[in-house]
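Here's the structure, in structure tokens; my notes come after.
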Amino acid sequence: MTPIATESDTGIAFRALTELAPDFVGLLDADGRIRYVSAAVARVLGWTPSEVVGRPFTELLLPDDRAAGAAYFAQVLASDAVVNATVRFRHRDGGMRIVEALARNFLTEPTLGGVLVSTRDVSSHAAAERALRDALAEAADLYDQAPCGYHSVDASGVFVRINDTELRWLGYTREELVGRRSVRELLTPAAQQIFDRWFPVLLAGGEVHDVELDLVRRDGTLLPVLQSATAHRDAEGRFIMSRSTLYDITERRLADRALRRVNRALRVLSAVNSELVHGLEEKQLLEAVCRVIVEYGGYRMVWVGFAQQDRRRSVIPVAQAGFEQGYLETANITWADDERGRGPTGTTIRTGEPQVNQNFLVDPRMGPWRAEAAKRGYQASVALPLFDAERCFGALTLYAAEPDAFDAEEERLLSELAGDLAFGIVTLRARAEHRRTEAMVKRLAYFDTLTALPNRTQLFQFLDAAIAGIRGQAATFGLVTLNVDGFRDIQTGIGVRQADDVLKKLAIRLQEVLGPGEQLALLGGDVFAVILRGYDEARGTEFAARVQRCLAAPIQQAGIPLSVQMNMGVAVAPDHGTDPAALILRSGIAARQAKLAGVSYAIYGGSTDAENPRHLALVSELRAAIETGQLVLHYQPKIDIETKRVAGMEALVRWPHPTRGLVPPGQFIGIAEQTGLIKPLTYRVLELAVAEARRAREAGFTAPVAVNVSARNFRDPEFLTRVRALIRDADILPGQLELEITETAIMEDPAITRGILTELDREGVPVSIDDFGTGYSSLAYVAMLPISTLKIDRSFVVGMLETPRTHAVVTAMISLARALGIRTVAEGVETRAQLDALTLLGCDEIQGYYFSPPLPIDALREWAAAFAQ
Numbered sequence: 001m002t003p004i005a006t007e008s009d010t011g012i013a014f015r016a017l018t019e020l021a022p023d024f025v026g027l028l029d030a031d032g033r034i035r036y037v038s039a040a041v042a043r044v045l046g047w048t049p050s051e052v053v054g055r056p057f058t059e060l061l062l063p064d065d066r067a068a069g070a071a072y073f074a075q076v077l078a079s080d081a082v083v084n085a086t087v088r089f090r091h092r093d094g095g096m097r098i099v100e101a102l103a104r105n106f107l108t109e110p111t112l113g114g115v116l117v118s119t120r121d122v123s124s125h126a127a128a129e130r131a132l133r134d135a136l137a138e139a140a141d142l143y144d145q146a147p148c149g150y151h152s153v154d155a156s157g158v159f160v161r162i163n164d165t166e167l168r169w170l171g172y173t174r175e176e177l178v179g180r181r182s183v184r185e186l187l188t189p190a191a192q193q194i195f196d197r198w199f200p201v202l203l204a205g206g207e208v209h210d211v212e213l214d215l216v217r218r219d220g221t222l223l224p225v226l227q228s229a230t231a232h233r234d235a236e237g238r239f240i241m242s243r244s245t246l247y248d249i250t251e252r253r254l255a256d257r258a259l260r261r262v263n264r265a266l267r268v269l270s271a272v273n274s275e276l277v278h279g280l281e282e283k284q285l286l287e288a289v290c291r292v293i294v295e296y297g298g299y300r301m302v303w304v305g306f307a308q309q310d311r312r313r314s315v316i317p318v319a320q321a322g323f324e325q326g327y328l329e330t331a332n333i334t335w336a337d338d339e340r341g342r343g344p345t346g347t348t349i350r351t352g353e354p355q356v357n358q359n360f361l362v363d364p365r366m367g368p369w370r371a372e373a374a375k376r377g378y379q380a381s382v383a384l385p386l387f388d389a390e391r392c393f394g395a396l397t398l399y400a401a402e403p404d405a406f407d408a409e410e411e412r413l414l415s416e417l418a419g420d421l422a423f424g425i426v427t428l429r430a431r432a433e434h435r436r437t438e439a440m441v442k443r444l445a446y447f448d449t450l451t452a453l454p455n456r457t458q459l460f461q462f463l464d465a466a467i468a469g470i471r472g473q474a475a476t477f478g479l480v481t482l483n484v485d486g487f488r489d490i491q492t493g494i495g496v497r498q499a500d501d502v503l504k505k506l507a508i509r510l511q512e513v514l515g516p517g518e519q520l521a522l523l524g525g526d527v528f529a530v531i532l533r534g535y536d537e538a539r540g541t542e543f544a545a546r547v548q549r550c551l552a553a554p555i556q557q558a559g560i561p562l563s564v565q566m567n568m569g570v571a572v573a574p575d576h577g578t579d580p581a582a583l584i585l586r587s588g589i590a591a592r593q594a595k596l597a598g599v600s601y602a603i604y605g606g607s608t609d610a611e612n613p614r615h616l617a618l619v620s621e622l623r624a625a626i627e628t629g630q631l632v633l634h635y636q637p638k639i640d641i642e643t644k645r646v647a648g649m650e651a652l653v654r655w656p657h658p659t660r661g662l663v664p665p666g667q668f669i670g671i672a673e674q675t676g677l678i679k680p681l682t683y684r685v686l687e688l689a690v691a692e693a694r695r696a697r698e699a700g701f702t703a704p705v706a707v708n709v710s711a712r713n714f715r716d717p718e719f720l721t722r723v724r725a726l727i728r729d730a731d732i733l734p735g736q737l738e739l740e741i742t743e744t745a746i747m748e749d750p751a752i753t754r755g756i757l758t759e760l761d762r763e764g765v766p767v768s769i770d771d772f773g774t775g776y777s778s779l780a781y782v783a784m785l786p787i788s789t790l791k792i793d794r795s796f797v798v799g800m801l802e803t804p805r806t807h808a809v810v811t812a813m814i815s816l817a818r819a820l821g822i823r824t825v826a827e828g829v830e831t832r833a834q835l836d837a838l839t840l841l842g843c844d845e846i847q848g849y850y851f852s853p854p855l856p857i858d859a860l861r862e863w864a865a866a867f868a869q
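Residue numbers for the sequence shown follow this note's numbering, beginning at 1 and rising by one.
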């Protein structure tokens, strides 16, 4: 290394100056190597001068800063001026020092002959700056994320700043408000008046505290806030900006509103009870009650309507008060399940449940009445049922002039009011009952006291008249017997009185599905009867479907949703008799046949008469068909909605009789159930299905096959052994065989059922519940069983597009099954509309004629190959 200078006066002076400097001074050669460094380098960086002299200065920088250091050195070399920079040096202890450097090129100066670098350690200053920045960032974060709103406005009310919390409340961005919008623009007209009073006070030097204002959010909704504000001024006292704090008081406002509503309802309740005490006549009582409700409650309009049992199921207004202006004359409200009956009043009468409509403008039920209601200022309503001992006979309906006018507590108090009013009406009617005693005695002779339906005596009269009507003519009528399936279990489960209420609700539902020429009666106990005039098989099937749909929704009783089903049997006059007793007997036999066959509906065929030659012959021939292999299987595919591929197939037995032709399953399955042939029939179907599935698998078609298992086979002690042997001998893959068991079979003995299903699960045999929704099970019980799939009964698939109630049931089935990890298969899908609806609801698989009818196995393989393309 070349010395800076010899022992000259200049060299001595240079060294003295550099050694006295508080931070280190260095001299670099043209390559950036350290020729000289003062002793202060040891204090700043921890290195002694001898340890760093001769090394490139960039080696002392942090690795990330070396490229920048080299660039800085190049800039110094290219300039004649002093060049400054802030660089990060590596301390000997591994730490970092931030150094401010001043450098000038003296390479051409003979005295120095290098690049002179003077430094100042600014590490502590940088740390202080970082701490200040962190503190400011934390303060800004606290400002923005505070649970309350903060904003400042200038003297004209324009936003100067606003925190993130308030921006989230309002739905605006900071750019949209700061410097652009006045806070006054975001206030309701009423709040603007308040602002105009207190903002001048704030500008003049005062403060404002706890002012309630309503801000308008970007989406148009209101935000009630409690605001306090102070003024920020300069040294001369001039206003700079406000400092406002805002608290969201939505919950408090709602609580205050709820309290006012409750107090209003209590006042109304007290006034109504006073009228009830003094009421003497029904019409006058109802008018007085409507009047005091409007007077004490401040409602826009109130009316009472009674349900009529006419064809339209009209609701007739019997009293009203308030701003009505002819509304009820044109409303044409009904309690039928149609457009005019699906408003709050009609729905309340039909269901017996209060109905709240919080906004006429958006509630889809209000379509038929929205325009007329808007003219009269109706914005919300509540309809309350009026009950007597038997049914909901009417409704008390209240209209309010503002939306969201009714909360749960007010609804409860108003329901209590409606109950008191209904009791008052019933009491007044009871006082007049003695005038109708004679008529009532006559009625009791011909009507059931529980359901108010025609009783057995009147049914015989109906049948006598119907038989006389077809005598000598080419006409028919059908008598349908409807047995409530498992009614004794219902009585045992919830008690006789509650079960009686179930019968009453069933009677109401059955009345709702009656069409022209149909008469309903209670034959006795839990057995209903319906006369269908002009009967043919299509009409009988259509009537059975109507009944199934009306039973789709569970009956709510004693806080329990009961899934109630009926077994229906029909006897046709004159084919099955021209005597009322014979028709009743034979329709009852048909209903029992339906139960045994696991179907909801059957026609009397004389097949239970032991001496019936055709019946005996068919039994013998069926036995031979099972033994000789006459039975064949057709398969209906199940399609996975998501993948659009064949997910499985259901085996369906067919009997090509050598002389009778193709015998429909409906004609021999019931016989097999009655005679015990169902066991060998089921085992034969299992053997055929497994064999054909294995053959199909060898040909590349691997869809699993599902086989229906009868309740009798399921309870057979040999069942599990037979299934295990079948799987072993056929050498089929796990999951290749799936068993379908009816909901009724599942529920017969829950303990045994769980044991059998557990064993099947261990064998890798999936189990599906067939015709789900037609029995008495619940998903809560099903969730405890190793069940893989629920098959939604065809009646629900057909009905879901016809009635909202059935659609709601299907929605609930699919949603709850999905929540429990159970797949759903919809049976009997025949239309695109059904497919689209089930797809939207999230059903997993589809089965039905929409895709394919049942086919022989080879034909199904060909169909599946074409379908996959």
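Here a beta-carbon is modelled for each residue, glycine too, at the ideal position from N, C-alpha and C.
Just so you know, these numbers come straight off a predicted model, no measurement behind them.
For residue i, does the count of other Cβ atoms within 10 angstroms reach 16, so buried, or fall short, so exposed?
i           : result
residue 354 : buried
residue 791 : buried
residue 611 : Only weak support is given to the placement of residue 611: the predicted model assigns it a pLDDT of 39, under 50, and the question is left unresolved by the model.
residue 50  : exposed
residue 849 : exposed
residue 834 : buried
residue 519 : buried
residue 607 : Caution is warranted here: a pLDDT of 49 is assigned to residue 607, below 50, making its placement in the model unreliable, and the coordinate value is therefore given only provisionally. By the neighbour-count rule (16 or more Cβ atoms within 10 Å), residue 607 is buried.
residue 280 : exposed
residue 478 : buried
residue 865 : exposed
residue 81  : exposed
residue 201 : exposed
residue 107 : exposed
residue 116 : buried
I need the boundaries of the alpha helix (DSSP H) containing residue i, first residue and last residue.
i           : result
residue 721 : 719–730
residue 286 : 282–297
residue 41  : 41–45
residue 713 : 711–714
residue 799 : 794–799
residue 807 : 804–819
Grab the span of the beta strand (DSSP E) containing residue i for me, first residue to last.
i           : result
residue 333 : That residue, residue 333, is in no beta strand (DSSP E); it is neither H nor E in DSSP.
residue 201 : Residue 201 -> not in any beta strand (DSSP E); alpha helix (DSSP H) instead, spanning 189–203.
residue 228 : 222–233
What does DSSP give as the partner residues of residue i in its beta bridges?
i           : result
residue 655 : 663
residue 303 : 320, 397
residue 149 : 246
residue 772 : 792
residue 601 : 568
residue 392 : 387
residue 105 : 115
residue 121 : 99
residue 556 : 561
residue 214 : 224
residue 273 : Paired residues: none, contrary to the question.
Thinking residue i and residue j are a contact (beta carbons under 8 Å), I'd like their distance in whole angstroms, please.
i           : j           : result
residue 529 : residue 521 : 5 Å
residue 87  : residue 76  : The pair is not a contact, with the Cβ atoms about 12 Å apart (cut-off 8 Å).
residue 544 : residue 587 : Contact doesn't hold; Cβ gap of about 13 Å is too wide.
residue 333 : residue 635 : Actually they do not touch by this definition, with Cβ atoms about 52 Å apart.
Does any C-beta atom of chain C lie closer than 9 Å to the C-beta of residue i?
i           : result
residue 416 : In the structure shown, chain C does not exist; there is a single protein chain.
### Query
Three or more beta-carbon pairs under 8 Å between the stretch 836–851 and the stretch 810–817, yes or no?
yes
### Task
Would you check if the stretch 295–308 and the stretch 389–407 touch, i.e. whether three or more CB-CB distances between them fall below 8 Å?
Of all C-beta pairs linking the stretch 389–407 to the stretch 295–308, three or more are shorter than 8 Å, placing the two stretches in contact.
### Task
Report yes or no: do the stretch 311–322 and the stretch 406–418 share at least 3 C-beta pairs separated by less than 8 Å?
no
### Query
How do the stretch 554–562 and the stretch 577–587 stand: do at least 3 beta-carbon pairs fall below 8 Å, yes or no?
With contact defined as three or more Cβ pairs closer than 8 Å, the stretch 554–562 and the stretch 577–587 are not in contact.
#### Entry: Given 8 Å, three or more beta-carbon pairs between the stretch 157–172 and the stretch 216–225
yes
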